[in-house]
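Per our numbering, the sequence shown starts with residue 3, numbered consecutively.
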Amino acid sequence: MMKSLIEKGTQNGPTTTLKYYLFDRSTIVSSTKEVYLIDHHYFYRRSFDSTTTATTNTMSDSYTYHKAGLEAELGGTPQFRGKQGHSCCGCCCDTRRAVIICNLVMIVLQVLTGTFLVAGVELFEAAAKTADDDAVINAGKQLQQIPMGLVVTLIFLQIVLHSIGVQGAIVYKKWMVYCALASFAINVVANIFQLNPAGVIFNVCLAYPHVFFIKEMNENIMTPENYPNEVQSCCCV
Numbered sequence: 003m004m005k006s007l008i009e010k011g012t013q014n015g016p017t018t019t020l021k022y023y024l025f026d027r028s029t030i031v032s033s034t035k036e037v038y039l040i041d042h043h044y045f046y047r048r049s050f051d052s053t054t055t056a057t058t059n060t061m062s063d064s065y066t067y068h069k070a071g072l073e074a075e076l077g078g079t080p081q082f083r084g085k086q087g088h089s090c091c092g093c094c095c096d097t098r099r100a101v102i103i104c105n106l107v108m109i110v111l112q113v114l115t116g117t118f119l120v121a122g123v124e125l126f127e128a129a130a131k132t133a134d135d136d137a138v139i140n141a142g143k144q145l146q147q148i149p150m151g152l153v154v155t156l157i158f159l160q161i162v163l164h165s166i167g168v169q170g171a172i173v174y175k176k177w178m179v180y181c182a183l184a185s186f187a188i189n190v191v192a193n194i195f196q197l198n199p200a201g202v203i204f205n206v207c208l209a210y211p212h213v214f215f216i217k218e219m220n221e222n223i224m225t226p227e228n229y230p231n232e233v234q235s236c237c238c239v
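Pasting the structure below:
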């Protein structure tokens, strides 16, 4: 397993004492604010020497200088951490980005479904009242039996769950992502009972990045500190 380069520093008056260690990925504690991943994507621009003491007034933008200083401190070439997480559909984007996009898609679909359902029922009922066709009249009566209040409530609940999922991906909260995953699971079960294979496949495809995102959070791959190493997108989104 490739090791990750970790910077752990403490402020001490006018100087900053820096110590550098190599940790396995499993030992990273993302909740500890003193610990930061640094590599060619993400690092703090500070100058230092082999004694690991640097003044706060001497700042350097040279990555080569930092790398040389780290090599001197560690006694060898540091191993920089690259992307370790899953790429959705093989090459599309990282799982965090996919979770956000999938939940935004579901929010838009639920809003459109609720809007067209309510408007369509009202228009059809109005047409049924003035129609002479028995089929139209019977269809209007059947629509009146649909518990629209319950349907709208369920749509609103799904919008809430997917909104929580978006926020969960943004702030790296697993329980929030689980809320969105639960909504997809309910949709899968409902489509199975309705014998709708297209609905099952659609919801499974949108749920799958959630599973990998949660897995990567459990493995400390997908963290705020390490996300610059994991970010991936096939477009500018």
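Just so you know, even glycine gets a beta-carbon here, dropped at the ideal spot from N, CA and C.
Residue burial classification, LEU197 (beta-carbon count within 10 angstroms, cutoff 16): By the 10 Å Cβ count, LEU197 comes out exposed.
Keeping to the same chain, check which residues put their C-beta closer than 8 Å to that of VAL120; ignore five residues upstream and five downstream. Within the same chain, VAL120 has close Cβ partners MET150, VAL154.
When burial is assigned at 16 or more other CB atoms within 10 Å of the CB, is PHE214 buried or exposed? Under this definition PHE214 is a buried residue.
What's the C-alpha gap between HIS164 and VAL107? Taken atom to atom, the span from the alpha-carbon of HIS164 to that of VAL107 is near 9 Å.
Can you name the residues that DSSP bridges to CYS93? Beta-bridge analysis with DSSP links CYS93 to no other residue.
Determine the extent of the alpha helix (DSSP H) in which LEU197 is found, giving its start and end residues. Element bounds for LEU197: n/a, residue is neither H nor E.
Buried or exposed by the 16-neighbour rule on C-beta atoms within 10 Å, applied to LEU125: When all chains shown are included, LEU125 counts as exposed.
When VAL101, GLU232, ILE161, ILE109 are compared against LYS176, the one with the closest alpha-carbon: VAL101 is the residue among VAL101, GLU232, ILE161, ILE109 whose C-alpha sits nearest the C-alpha of LYS176.
Closest by CA to VAL168, which one among ALA209, GLU227, ASN220? Checked all of ALA209, GLU227, ASN220; the closest Cα to VAL168 is ALA209.
Could you give the residue range of the alpha helix (DSSP H) that holds GLU232? Unbroken alpha helix (DSSP H) run through GLU232: 229-232.
Taking the DSSP output, what are the residues bridged to LEU235? For the record, residue 235 in the displayed sequence is Ser; it is not Leu. DSSP lists CYS95 as partners of SER235.
Sorted by chain position, which residues of the same chain lie with C-beta nearer than 7 Å to ILE157's C-beta, five sequence neighbours on each side aside? Counting only Cβ-Cβ distances below 7 Å, and skipping sequence neighbours, we find GLN112, THR115, GLY116.
Where GLU218 sits in the DSSP three-state scheme: If DSSP states are grouped into helix, strand and coil, GLU218 belongs with the helices.
So, with DSSP's three-state summary, where would you put LYS35? Reliability fails at LYS35, whose pLDDT of 28 lies under 50, so the model's placement of it is uncertain and the value that follows must be treated cautiously. Of the three classes helix, strand and coil, the one that applies to LYS35 here is coil, per DSSP.
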